[in-house]
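For reference, the structure discussed in these notes is given below.
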Amino acid sequence: MSYDPHREDYQRLGLRFARSLDGKDPAAATRAFASFGRRFSQNRDSLPQSDADRAFHLVAEATTLIDYELPFADDDRAEKLIDQGHRLLDEALALDARCHDAIRMKLAAESPSFESYYDFLTKGADDVRAACEEARAQAHDESPERALLEADIAMRPYYRWLATQAGKAVICGRNREAIRIGEQLLELDPLDCADVRFTCAIAYAKLEDDAGLDRFAARTKPLRRANTDDAWMQISRISLAHKRHDMDEARHLLARLIDTYPHAAMALTSQKELPDGVFARLAVAPFSEDELILAVSEGTVLLQEGRDDAGRGVLGTWIARHTGLDGKPEATR
18 MSYDPHREDY QRLGLRFARS LDGKDPAAAT RAFASFGRRF SQNRDSLPQS
68 DADRAFHLVA EATTLIDYEL PFADDDRAEK LIDQGHRLLD EALALDARCH
118 DAIRMKLAAE SPSFESYYDF LTKGADDVRA ACEEARAQAH DESPERALLE
168 ADIAMRPYYR WLATQAGKAV ICGRNREAIR IGEQLLELDP LDCADVRFTC
218 AIAYAKLEDD AGLDRFAART KPLRRANTDD AWMQISRISL AHKRHDMDEA
268 RHLLARLIDT YPHAAMALTS QKELPDGVFA RLAVAPFSED ELILAVSEGT
318 VLLQEGRDDA GRGVLGTWIA RHTGLDGKPE ATR
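Each residue of the sequence shown is one higher than the one before, starting from 18 at the first, in our numbering.
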């Protein structure tokens, strides 16, 4: 699920190392490549790499600090992680001024509002696409499989840019624009490596567009990772049923969500709000408790609509009240 920067770092250097072995004796090349994993983890600087590769490695290191450690750090450690992460991004940009992931991540912290960040992403999208397409056009490799991977890696910064833009569009209340951006990204990346379909599901629910969500779900059904809907789609359907005052359907959908995910009661009653991943949506195991926690956090825009006496949104309070500590909806206990 989503983009793992360390895996991408490995792929980038793996491609460059493989190209450096082309034309060599096959047996010697095989022996050399067998040592790649060890050299990557223990002596990365011994491998052939460009400044762009080094910059991306720094982005991967910054992502670990900002996206995966910062949300769980105490105040003292949080300040250190932020400073360290920003230094890594600055170093990345010193090496490669066109490292679009680093540019995007830095502006996420420096923008004074969600609206200003969304405007920045919107204005810069065409330039990022042009730069990525230029890099893709320069992709060349004797192996067709390697050439395909190189071309895909070249476009990923633009895909992540669009995915972030769609997510911020929802936060800014631009739900139709979020769907338009999501559809654009799905056309470019039919495998949806950025999982933008999750963002689109929430946008359809915000628009109260049942029919649109149904059509979107049918069209993206081949992307399902199991024979059931993901948490984003299920939360969106619960929201729509709740807004229609179809409480029997809402309870049925809630029961289905609880059955889909392990330890669902804790996530659905606590409804913790996590910072959005700055590099990309956090990479978690499909249909895990962590995935549900992430979906609930991103679904805050649905759960917290309309304040109630509990200081929570109407839907968020309803879900918490109808989820028992034993993980079963009240109506079924």
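Each residue gets a CB set at the ideal place from its N, CA and C atoms; glycine is no exception.
Review point. Apart from the five residues just before and just after Gln201, which ones in its own chain have a Cβ nearer than 8 Å to its Cβ?
Key: Leu179
Check your understanding: Got a sec, what are the start and stop residues for the alpha helix (DSSP H) Thr277 sits in?
Key -> Start and end: 264 to 277.
Check your understanding: Would you say Asp77 and His23 are within 7 Å of each other, going by their C-beta atoms?
Key -> Inspection of the sequence shows that residue 77 is occupied by Ala rather than by Asp. Taking 7 Å as the Cβ cut-off, Ala77 and His23 qualify as a contacting pair.
**Study point:** Proximity winner among Asp84, Asp113, Leu110, relative to Ile99 (alpha-carbon distances)
**Key:** Asp84
**Study point:** Which residues DSSP lists as bridging Thr245, in chain order
**Key:** In the DSSP output, where bridge partners are listed per residue, Thr245 has none listed.
Review point. Can you name, in chain order, every residue of its own chain whose Cβ lies under 7 Å from the Cβ of Asp163, other than the five neighbours on each side?
Key: Looking at the sequence shown, residue 163 is not Asp but Arg. Contacts found: Leu32, Ala35.
Review point. Looking at the unbroken alpha helix (DSSP H) that takes in Pro22, where does it start and where does it end?
Key: 22 to 37
Exercise for review: Please report the residue range of the alpha helix (DSSP H) in which His339 lies.
Suggested key: Careful: His339 lies outside any alpha helix (DSSP H) and carries neither H nor E.
Exercise for review: Excluding the 5 residues preceding and the 5 following Gln182 in the sequence, name in chain order all residues of the same chain whose CB lies nearer than 8 Å to its CB.
Suggested key: Tyr135, Leu138, Thr139, Ala142, Ile198
Review point. What three-state label does DSSP hand Ala348 in the structure shown?
Key: In this predicted model, Ala348 has a pLDDT of only 49, less than 50, meaning its place in the structure is not dependable enough to derive any value.
Exercise for review: Output yes or no for whether 7 Å exceeds the beta carbon distance between Ser63 and Arg55.
Suggested key: no
Exercise for review: Would you kindly work out how many angstroms separate the C-alpha atoms of Ser37 and Pro65, rounded to a whole number?
Suggested key: 8 Å
Exercise for review: Helix, strand or coil for Gly330, going by three-state DSSP, please let me know.
Suggested key: strand
**Study point:** Residue environment, Arg350, which counts as buried when at least 16 other CB atoms sit within 10 Å
**Key:** Unreliable placement is indicated for Arg350, whose pLDDT of 43 sits below 50; the coordinate value is still reported in the next sentence. Looking at its Cβ environment, which holds fewer than 16 other Cβ atoms inside 10 Å, Arg350 is exposed.
Check your understanding: If we count Cβ pairs, one from each stretch, closer than 8 Å, do we get three or more for the segment 280 to 292 versus the segment 303 to 321?
Key -> yes
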